[in-house]
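*Asks:* Read top to bottom, the protein sequences are chains A and B. So that you can map any letter, position 91 of the first sequence is 107 in the numbering used here, and since no number is skipped, the others follow by simple counting. So that you can map any letter, position 58 of the second sequence is 85 in the numbering used here, and since no number is skipped, the others follow by simple counting. Glycine included, each C-beta is placed from N, C-alpha and C at the ideal position. Predicted model only: the values in this text are computed from it and were never measured. Quick one: the structure is below, questions incoming.
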Amino acid sequence: GAVVSQHPSWVICKSGTSVKIECRSLDFQATTMFWYRQFPKQSLMLMATSNEGSKATYEQGVEKDKFLINHASLTLSTLTVTSAHPEDSSFYICSAGRGRLPYEQYFGPGTRLTVT
Amino acid sequence: GESVGLHLPTLSVQEGDNSIINCAYSNSASDYFIWYKQESGKGPQFIIDIRSNMDKRQGQRVTVLLNKTVKHLSLQIAATQPGDSAVYFCAENQGGKLIFGQGTELSVKP
């Protein structure tokens, strides 16, 4: 149990276009979902926290107008990278929290974004 | 352009030996800690966790030690196998958010 999927697993887009990444908890309802970004040979950096039906909370330095997060249901959150640029190329990973604090967080397999 | 980051610390061990991976955490108020394993191109995989009211917890072939005095966490892997080769991250819970450590790349030599 506690499986989290992401779609797509990889995407290549042109500079200036927008890309949407989906994160789904397949067999449980997620209290909270989290989005991380990871550059090569670096750690995971939390971008934002989202709760179903409310606005996401962004970490300092993360542009909320550039990284749009929608948490439409207890099993689905989406991250849209708007007007993507090459510096947005990264590995984006979501996680879904279950239960009470501290959440058990279950991670998705990640999405590799390459902006050309 | 791509941001310049630090290279991951690496630990190289012989197959069958024990591995010890260390992590310093930042916040003395953190109450929950987790070790994750990340293989190349994949998401983090839960290994073991420990709450701040404990100083040791054992799992299958893994042990986590917590020293709150010096804000230090370690992961011990017994009888390390080639399949253990990966990057290992510690993470601390801060108010429901996980803050990840730098990570250590473990390489197991056959």
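Just by C-beta distance, which residues in the segment 48–69 of chain A are closer than 9 Å to chain B?
*Replies:* 48, 50, 52, 54, 55, 56, 57, 58, 59, 60, 61, 62, 65
*Asks:* For residue 126(A), go through chain B and note every residue whose CB falls closer than 8 Å to its CB, in chain order.
*Replies:* Taking the first residue of the first sequence as position 1, residue 126(A) is located at position 110. The contacting residues are 68, 69, 70.
*Asks:* Starting from the Cα of residue 39(A), find the closest Cα among 115(A), 17(A), 95(A) and give me that residue.
*Replies:* Counting from one through the first sequence, the residue named residue 39(A) turns up at place 23. It is 95(A).
*Asks:* By the criterion of Cβ-Cβ separation under 9 Å, what are the contact partners of residue 45(A) in chain B?
*Replies:* Here residue 45(A) is taken as the residue at index 29 of the first sequence, counted from 1. Going along chain B, no residue has its Cβ under 9 Å from residue 45(A), so there is no contact; the nearest lies around 17 Å.
*Asks:* Runs of 3 residues minimum, wholly inside the segment 36–116 of chain A: which ones carry the beta strand (DSSP E) assignment?
*Replies:* 48–54, 61–67, 83–89, 92–97, 106–114
*Asks:* For residue 83(A), would you say it is in contact with chain B, using Cβ-to-Cβ distances shorter than 7 Å as the test?
*Replies:* On the first sequence, residue 83(A) is found 67 positions in, with the first residue counted as 1. By this cut-off, residue 83(A) is not an interface position.
*Asks:* Is the segment 31–50 of chain B close to the segment 74–90 of chain A, with three or more CB pairs under 8 Å?
*Replies:* no
*Asks:* DSSP puts residue 31(A) in a beta bridge; with which residues?
*Replies:* Here residue 31(A) corresponds to residue number 15 of the first sequence, with the count starting at 1. None, per the DSSP bridge assignment.
*Asks:* Quick one: list the residues of chain A neighbouring residue 124(B), beta-carbon separation under 7 Å, in chain order.
*Replies:* Counting from one through the second sequence, the residue named residue 124(B) turns up at place 97. Chain A residues near residue 124(B): 62, 65.
*Asks:* Please confirm if residue 110(B) has its CB atom under 7 Å from at least one CB of chain A.
*Replies:* On the second sequence, residue 110(B) is found 83 positions in, with the first residue counted as 1. No, because no Cβ of chain A sits closer than 7 Å to the Cβ of residue 110(B).
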